[in-house]
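The structure appears below as structure tokens.
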Amino acid sequence: MHTYTEEDDRIARAVIEYCLDRLKMDVPLDTPRSAEQLADQAGETITPKGIGGDQALQLWANAIGPACLSVDHRRYLSFIPSAPTKASSYFDMLVAASNVYGGSWLEGSGAVYVENQALRWIADLAGLPAEAGGAFVQGGTVGNLSALVAAREYALYRRGSRPARWAVCVTEESHSSVKQSVKVVMDADVLEVPADERGRMTGPALRAAVEQLAPETRDGIFAVVATAGTTNLGIVDDLEGVADVASDYGWWLHVDGAYGGAALAAPSARPLFRGIERADSFIVDPHKWLFAPFDCCALLYRDPVLGRAAHTQRAGYLDAVNVNSEWNPSDFAVQLTRRARGLPFWFSLAVYGTDAYRDAVERTLTVAREGAELIRASEHVRLLVEPDLSVLVFERIGWDAADYARWSAQLLAEQLAFVTPTRHQNKVCTRFAIVNPLTSADDLRLIIESMR
Ligand SMILES: *Cc1c(COP(=O)(O)O)cnc(C)c1O
């Protein structure tokens with residue numbers, strides 16, 4: 000840290016200029032490079048004397064940045080992309096320049112106040128009660144883990160002792176982060192219950208599976224995770240049916256809406272989410288389909304007291320922030336120091352208004368429905384699952400894994416699109432994940448035609 004110099008002023012302006020240019024342009028997809036290529040093009044960048052701002056920025060612009068894919072490209076349809084609004088992107092610069100401490104109310108009251116308004120918008124979409132609340136955390140992985148830790152603490156408090164093994168019900172389609180958290184981080188058992196033919200967890204199948212378990216296995220179940228928009232298929236579980244089973248057994252219901260929770264904003268998709276208002280905890284990643292930059296996950300508890308009971312850290316040096324039981328975001332998750340990562344999302348919501356969010360999510364759903372029509376109408380491809388949301392899983396009839404790999408690499412090499420293979424029922428296929436309102440049906444047509 001030093002006082003601001005003329006040199007800083009020059010470099011800062013150059014960095015901001017670079018950012019503004021990127022925000023204005025049609026970004027290229029860009030290309031992954033090997034470590035050898037990067038060593039060749041960027042070389043050793045850290046030296047005892049420093050290479051200076053001009054050279055470091057130039058290296059970024061010419062070699063390093065172009066080796067990072069543009070996740071916000073309109074034909075980047077792999078994994079779950081991200082498509083931040085302009086306002087959220089430039090406000091992210093402001094968050095960095097201010098370096099707000101977002102862990103406690105004492106230090107970041109203003110930031111926490113508006114972040115909580117953004118959380119409230121989401122809680123209202125889900126129909127959670129007035130006292131619901133939580134915090135923005137790094138991503139869905141941390142959100143899911145934090146919610147499940149709170150669920151287990153609450154179960155321990157209620158029963159007073161540990162079972163032989165703690166366990167959580169999921170399906171095969173539940174996100175890898177849920178299974179990883181339960182198994183590796185929490186050392187609990189993952190109980191995969193059968194899903195229906197579209198990959199949905201349903202109340203009746205969950206109940207039937209659990210009834211068949213040995214009593215001591217069933218005894219250790221403390222939570223069920225339903226997914227509102229599975230990552231691979233975009234399918235919404237039978238939330239109402241799962242909520243019935245959870246309440247009969249006294250389990251915590253966690254709803255993982257990391258990707259699909261955004262569709263709560265779209266009236267045309269809202270009926271799929273019936274039952275979500277009964278969740279004990281819920282997450283959605285604004286960095287996926289709510290147009291915020293990385294990294295940002297909204298974690299909500301029906302009863303935030305239970306989140307606090309599990310996560311509040313206590314120490315002499317923290318008495319000053321714990322003393323007033325103010326709203327400390329660090330109390331609700333596996334985190335202490337926290338970037339005020341909900342602020343870019345808040346700023347964008349404040350600037351454009353919630354109607355614009357409704358319209359943007361509806362637009363992506365419309366394009367996904369048009370894409371499904373295109374696939375149905377083309378004889379060389381076949382839709383594998385009827386879509387609920389904006390993920391389309393389909394196969395090119397007659398292709399094997401090597402065909403998909405070659406085609407995918409060529410699309411990227413030609414800078415046309417980034418679409419990767421996936422697997423469904425152990426067969427290689429491909430998928431579109433559409434979260435970018437700039438993606439059009441013509442973009443999808445172009446990619447489908449490239450598979451002929
Ligand atoms: C992406 C995703 C996650 C993980 O979220 P990260 O932000 O990548 O940590 C969890 N669950 C679902 C359903 C997801 O789509």
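Quick note on numbering: numbering that gives the first Met the number 0 labels position 276 of the sequence shown as 275, and the sequence is numbered without any gaps.
C-beta atoms are modelled at their ideal positions from N, C-alpha and C, and glycine is treated no differently.
Remember, it's a predicted structure, so these values are computed and weren't measured experimentally.
Query                                                                                                                                                        : Result
Is any non-hydrogen atom of ligand 1 found closer than 7 Å to the C-beta of residue 284, if you look at the structure I gave you?                            : yes
Can you tell me which residues fall inside 5 Å of ligand 1, judged by beta-carbon distance to its nearest heavy atom, and keep chain order?                  : 138, 139, 140, 174, 176, 230, 255, 257, 258, 284
Could you please give me the residues that DSSP links to residue 1 through a beta bridge?                                                                    : Answer is none; residue 1 lacks a bridge partner.
Would residue 428 be called buried (16 or more neighbouring beta carbons within 10 Å of its own) or exposed?                                                 : buried
Secondary structure at residue 293, three-state DSSP: helix, strand or coil?                                                                                 : coil
Whole angstroms is fine: what's the gap from residue 199's alpha carbon to residue 108's?                                                                    : 41 Å
Since residue 166 sits in a beta bridge, which residues does DSSP pair it with?                                                                              : 188, 220
Go to residue 467, then tell me how far its beta strand (DSSP E) extends in each direction, as first and last residue.                                       : Nothing in the structure corresponds to residue 467, since the chain is present only between 0 and 451.
Out of 18, 419, 410, 191, state which residue places its alpha-carbon closest to the alpha-carbon of residue 92.                                             : 18
With distances taken Cα to Cα, identify the nearest neighbour of residue 139 among 433, 415, 302, 297.                                                       : 297
Residue 212 lies in the beta strand (DSSP E); which residues open and close that run?                                                                        : That residue, residue 212, is in no beta strand (DSSP E); it is neither H nor E in DSSP.
If contacts are defined as beta-carbon pairs under 8 Å, then residue 291 and residue 99 qualify, I think. What distance do you get, rounded to the angstrom? : Not quite, the Cβ-Cβ distance comes to about 16 Å (not below 8 Å), so this is no contact.
Would you tell me roughly how many angstroms separate the C-alpha atoms of residue 250 and residue 167, rounded to the nearest one?                          : 9 Å
Measuring only the C-alpha atoms, how far is residue 22 from residue 87?                                                                                     : 11 Å
When the Cα atoms are used, what is the spatial distance from residue 11 to residue 402?                                                                     : 46 Å
So, does the segment 121-133 touch the segment 299-308, judging by three or more C-beta pairs under 8 Å?                                                     : yes
Under the rule that 16 or more other beta-carbon atoms within 10 Å means buried, what is residue 367, buried or exposed?                                     : buried
Within its chain, find whatever has a CB closer than 8 Å to the CB of residue 364; leave out the 5 residues flanking it on each side and keep chain order.   : 262, 265, 267, 268, 388, 389
Taking only the alpha-carbon atoms, compute the straight-line gap between residue 431 and residue 392 and give it to the nearest angstrom.                   : 7 Å
By the 10 Å Cβ neighbour count, where 16 or more other Cβ atoms means buried, how is residue 246 classified, buried or exposed?                              : exposed
Taking the beta strand (DSSP E) that residue 85 belongs to, which residues open and close that run?                                                          : First-last for residue 85: 85-97, but that is the alpha helix (DSSP H), not the beta strand (DSSP E).
What is the C-beta distance between residue 28 and residue 411, in whole angstroms, given that I count them as a contact (C-beta under 8 Å)?                 : 7 Å
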